[in-house]
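Please read the structure below before turning to the comments.
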Amino acid sequence: MKSITLLAITSVLLIVPFVASAQQGTIGNPYYFMDVTIPDPFKDLNQSIQQKQILDAMNKQTQALQDANAAARCPANSTYSPKLGSPGYGTCTCNYPYRMNLMSSQCWLPTQQQTPPPAIQPVIRLPDCSYAPGKPPCPGYATQPPISVQQVTNAPSSNEQLCRNYYGQYSTWSERADSQNALICDCLSGYVWNSNKTACVFVQLVLPKTNNQLCQDSYGKHSVWHGTMNAEGGAVCDCATGYKWNDGQAACIAIPKAPVAPVVQPPVDQSPDKDKIIADLIQRTKATSTNTATPKEHGFLSMFGFWPWFFGLLGR
């Protein structure tokens, strides 16, 4: 009876999981797993990164456009250098050998000395005053050709202004005229003619170089002035201490140093100092003779033990 009851309970326990599994799956495949979509934990982060990349690209395009507009405002013969963090506020630098004229913000070739300015076309000065019909002309002024009231109202340009009209705001009249009565213009103080003689540019002060600098420019940094001048008035150059001319005498090269032989130290004698040992033994012998021990003990040592030990120590 107990066996039948146990068998029935076991059967029930086996059937219940099978039915429960069959509700989830099939009879042939009782274990069925549902497809579950796991959310991407980095989805929001990736979207933020993509948005930032888009904004960075837009900012770069805007900054490039601002720098391009600023570069277009630079004068001729110059290069625009953008400023980090401040688009559109970079600097314009003149290309070598051009230099910036601080007054006009233009790039000009520097000139070493002022050359005579060119003469311009003759400028006809209108009479400074006129005369009304039936009245005498102004004394000392030209009366031909007659001028109208409108010409008197529109006063003519002065010679100073005419020079500025032709050669820029840094030009002035030299108060001279050539043989054809053409005005001769000049540059204001601190300005010189450019290479084309078309405008006055800021003069670049060039300090004279020392003779040492002239020698180094010609023969390198190890060249120095000898202290004398040649027949043409040029500096005589030499090489600095520790240097000599190369074969072509075009530069100063280092003088090679002679090799130094190594210093060989004599071997150190590691053997014991015999004189010191003998002096030490004599001192010990004197101390033994003055000892208060019995003569029997010392007499035996001195007779049978001291001298063999002593000669053995000396290697005899």
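Counted the way mature numbering (1 follows the signal peptide of the UniProt record, and there is no 0) counts, the sequence shown spans residues -22 to -1, 1 to 294.
By construction, the Cβ of each residue, glycine as well, lies at the ideal position given by its N, Cα and C atoms.
Model, not experiment: these values are computed from the prediction.
Trp151 and Leu166 closer than 8 angstroms at C-beta: no
Would Tyr76 pass as a contact of Asn55 if the rule is Cβ separation under 8 angstroms? yes
Whether Gln44 touches Gly66 by CB criterion (8 angstroms): yes
Nonlocal neighbours in the same chain, by C-beta distance under 6 angstroms from Lys113, ignoring five residues either side: Confidence at Lys113 is low in this model, with a pLDDT of 46, below 50, so its placement is unreliable and the value that follows should be read with caution. Contacts found: none.
Glu153, DSSP secondary structure in three states: strand
Can you list the alpha helix (DSSP H) stretches of 4 or more residues lying completely in the stretch 144 to 221, in chain order? 189 to 197
Would Asn190 and Trp203 be called neighbours here (beta carbons separated by less than 8 angstroms)? yes
If you reduce the DSSP assignment to three classes, tell me which class Cys72 lands in. strand
Considering just the uninterrupted stretch of the beta strand (DSSP E) at Gln25, what are its terminal residues? It is not in any beta strand (DSSP E) - Gln25 instead sits in the alpha helix (DSSP H) that spans 21 to 50.
Can you give me the C-alpha to C-alpha distance between Arg142 and Met207, rounded to a whole angstrom? 46 angstroms
Spell out the partners DSSP gives Ile231 in its beta bridges. Lys222
In angstroms with no decimal places, state the Cα-to-Cα distance between Asp258 and Pro237. 49 angstroms
Less than 8 angstroms between the C-beta atoms of Tyr221 and Ala213, yes or no? no
Contact set for Ala218: own chain, Cβ-Cβ below 6 angstroms, skip 5 residues either direction: His200, Val202
Reference Tyr168; option with closest CA among Lys175, Thr176, Ser26, Phe180: According to the sequence provided, residue 168 is Gly. The question's Tyr does not apply to it. For the residues Lys175, Thr176, Ser26, Phe180, the minimum Cα distance to Gly168 belongs to Phe180.
Between the beta-carbon of Ser149 and the beta-carbon of Cys163, is there less than 8 angstroms? yes
Please classify Gln243: does DSSP put it in a helix, a strand, or coil? coil
Note the first and the last residue of the continuous beta strand (DSSP E) segment covering Ser59. 56 to 61
On the three-state DSSP scale, how would you describe Gln128? Residue confidence for Gln128 is low, a pLDDT of 40 falling below 50, so the modelled location carries little weight; the figure read from the coordinates is stated next. The answer is helix: DSSP assigns Gln128 an H, G or I state.
Which one of Asp216, Leu185, Asp225 has the shortest CA to CA distance from Gly198? Asp216
Measuring alpha carbon to alpha carbon, tell me which of Glu138, Arg154, Glu153, Thr69 ends up nearest Gln147. Glu138
Exposed or buried, Ala177, counting other C-beta atoms within 10 Å across all chains shown (16 or more means buried)? buried
What does DSSP give as the partner residue(s) for Arg142 in the beta ladder? Answer is none; Arg142 lacks a bridge partner.
Tell me Ser64's beta-bridge partners as DSSP assigns them. Lys61
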